[in-house]
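Residue numbers (our numbering): 17 to 90.
We put the CB at the ideal spot given by N, CA and C, even for glycine.
Keep in mind that this is a model prediction, so the values were computed, not measured.
Remarks on the structure that follows.
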């Protein structure tokens, strides 16, 4: 699928299938987990109102990319 293709391109031609699957699953899990927290409302109960959800989601994604760039995949 598209996610796996993008992850493979990001990791490069020498990435193993396991590395690609782990990264794709982590990204998908983050997106769905954050969406659930925002839609169902418990996130704002814990951290306060989020005025601009789109900007917030982008900031979370950017933070995860920074964190990911400093860690090995497996």
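About 17 Å separates the beta carbon of residue 50 from that of residue 39, a gap too long to meet the 8 Å contact definition.
If you draw a straight line from the Cα of residue 31 to the Cα of residue 48, it comes to about 24 Å. In the three-state DSSP reduction, residue 30 falls in the coil class, being neither helix nor strand.
The DSSP-derived three-state label of residue 64 is coil. Residue 61 counts as exposed, since fewer than 16 other beta carbons sit within 10 angstroms of its beta carbon.
Take residue 23, set aside five residues on each side of it, and the residues of its chain with a beta-carbon closer than 6 Å to its own are 36, 39, 40, in chain order.
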